[in-house]
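Report on one structure; see the data block that follows.
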Amino acid sequence: MKLSGSIQRLVVVLTLVAPVACTPLPQFPFAANADLAPPRIVSLGFQGATELSVGFDERCELVTDSLIRGETLRAAEVNVACADQPAGGAESDASVHKLLFSFSIPPDPGAEHSIEAQVADPAGNHLRFVARFYGLNELLPAMIINEFTTQGSGTHPDLVEIRVLTDGNLTGSCIYEGVPGNWDQRFVFPDLNVSAGDFIVVHFKPLGISEEVNETVRQDESGGYDASPEAWDFWIPEGSGLSGNNGALALCENPLGGIIDGVLYSNRTSTSDDRYRGFGRTTVMERADYLVAEGAWAANGLVRPEDAIDPEDSTATRSISRGSDGADTNHRDDWHITPTRGITPGSVNSDEVYIPH
């Protein structure tokens with residue numbers, strides 16, 4: 096598990112508009128010393144629930160009347176101020192030049208927002224950018240992915256259990272089959288207060304029946320296969336189940352990133368084929384690389400299938416499970432396969448281990 100701090104991850108699309116002129120080029124000595132490059136974004140994040148920070152590699156200012164708020168921010172007033180800060184510590188000569196976008200109303204953590212703006216440096220170079228982001232959920236609890244099944248049956252479909260470690264609120268957090276920007280299925284959690292010791296069960300292959308209710312009031316609201324009266328049950332709309340033997344799961348602060356916990360599983364080896372490092376598909380290899388790069392999974396050097404949990408002996412009722420103590424070192428050794436009928440969605444995990452005959 097990797098618990099991130101108060102910085103909110105953002106996805107930004109940059110569009111550079113360069114001036115075009117038909118006048119002769121200046122003499123080389125002048126051109127060589129001229130600043131012809133637009134500002135470049137080097138950092139993004141929230142500083143509290145109402146202040147979005149955008150850092151640039153040089154001093155710049157907002158172009159008058161260039162700020163455009165997305166639809167979800169129409170009711171909020173937005174003020175912009177400059178705030179420079181050293182980058183890389185006291186020994187660094189570099190500086191990050193920040194623009195702080197302050198919102199009169201905190202952006203909702205459960206919705207995607209956007210701002211568009213144009214900045215200019217002292218030399219007159221312009222950059223227009225769009226920042227898409229989710230509001231900062233300052234009440235997000237610590238959580239781990241605790242148990243899952245990928246070999247579901249008709250009566251025990253694929254599911255992922257999440258264990259809540261501290262009190263908090265789930266708004267905007269997200270569970271992926273895959274990782275942000277590279278995923279097959281995901282579920283974004285609604286506004287729900289949870290307590291330390293709670294369990295959340297996400298059902299990845301619902302039947303679409305009326306009993307399958309996303310629980311936000313009581314833990315016994317939902318029916319359906321493997322719904323737990325002691326857990327918060329959620330159902331992925333039109334979920335197709337998890338990849339059986341080769342995949343990745345990611346629990347994130349919001350749908351754009353900020354990883355909380357991740358799991359990698361594979362029954363392949365480095366010699367399974369001569370491509371994709373043995374993972375069989377480029378998507379799985381890239382997801383594995385993402386988890387390791389974000390500190391959510393451990394590997395010795397370049398991640399290989401051998402670094403993943405081997406799900407080969409798991410079934411619909413032999414779950415892939417952490418120990419009951421929830422130990423989390425981001426390593427495959429944190430996990431074991433429970434015996435037949437050892438699955439425990441919505442309750443403390445079994446420490447019994449399946450032993451092949």
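Counting from 96, one number per residue, gives the positions in the sequence shown under the working numbering. Each residue gets a CB set at the ideal place from its N, CA and C atoms; glycine is no exception. Just so it is clear, the structure is predicted and the values come from calculations on it, not from any experiment.
Nearest candidate by alpha-carbon position, reference residue i, set the options
i, options, result
"H431", "S442, D405, V443", "D405"
"A383", "S305, D368, E401", "E401"
"T261", "I163, A237, H251", "A237"
"L367", "D356, N341, G390", "Note that residue 367 is Ser in the sequence shown here, rather than Leu. The residue with the shortest Cα to Cα distance from S367 is N341."
"T190", "P134, S361, A206, G418", "A small fix is needed here, since residue 190 is Ser in this sequence, not Thr. Among P134, S361, A206, G418, the Cα nearest to that of S190 is on P134."
"F282", "N288, V274, V289", "V274"
"A326", "V296, T245, T145, R376", "V296"
"I163", "F141, A178, I210, F198", "I210"
"V255", "F243, N309, E310", "F243"
"T245", "R399, T412, R372", "T412"
"P201", "A178, C177, L168", "L168"
"G267", "N444, N349, A393, N395", "N349"
"I354", "E153, P324, G375, A388", "A388"
"G352", "S361, C269, N288", "C269"
"N232", "A422, G247, P451, F284", "F284"
"G140", "A132, S338, D130, F196", "F196"
"D216", "Q142, Y360, E153", "E153"
"P324", "G339, V308, S138", "V308"
"D179", "S138, D356, I304, D130", "S138"
Beta carbon of residue i nearer than 8 Å to that of residue j
i, j, result
"F228", "L147", "yes"
"N264", "L222", "no"
"A391", "N425", "yes"
"V149", "K193", "yes"
"F294", "G441", "yes"
"G165", "P204", "no"
"E207", "N277", "no"
"T435", "T410", "yes"
"V379", "A345", "no"
"A218", "S161", "no"
"R417", "N241", "yes"
"L397", "R363", "no"
"F151", "A171", "no"
"D286", "E310", "no"
"I331", "Q280", "yes"
"S419", "V443", "yes"
"D408", "G336", "no"
"V214", "C177", "no"
"R313", "G421", "no"
"G318", "L302", "no"
"Y360", "I450", "no"
The alpha helix (DSSP H) enclosing residue i, as first and last residue numbers
i, result
"E381", "377–388"
Where residue i falls: helix, strand or coil (DSSP)
i, result
"T167", "helix"
"E307", "coil"
"E401", "helix"
"R372", "helix"
"R436", "coil"
"D429", "helix"
"N341", "strand"
"Q314", "coil"
"W453", "Because the chain is modelled from 96 through 452, residue 453 falls outside the range shown and cannot be assessed."
"V443", "coil"
"V173", "strand"
"H298", "strand"
"I210", "strand"
"G421", "coil"
"V448", "coil"
"S335", "coil"
"R154", "coil"
"R223", "strand"
"E348", "strand"
"S416", "strand"
"G263", "strand"
"N288", "strand"
"D179", "strand"
Terminal residues of the beta strand (DSSP E) in which residue i lies
i, result
"C192", "In the sequence as presented, Cys is not what sits at residue 192; that position holds His. Note, H192: beta strand (DSSP E), 190–198."
"N232", "From DSSP, N232 is part of no beta strand (DSSP E); its letter is neither H nor E."
"E242", "238–244"
"D356", "352–361"
"Q280", "277–283"
"L139", "136–141"
"Y271", "269–274"
"S148", "146–151"
"V255", "254–259"
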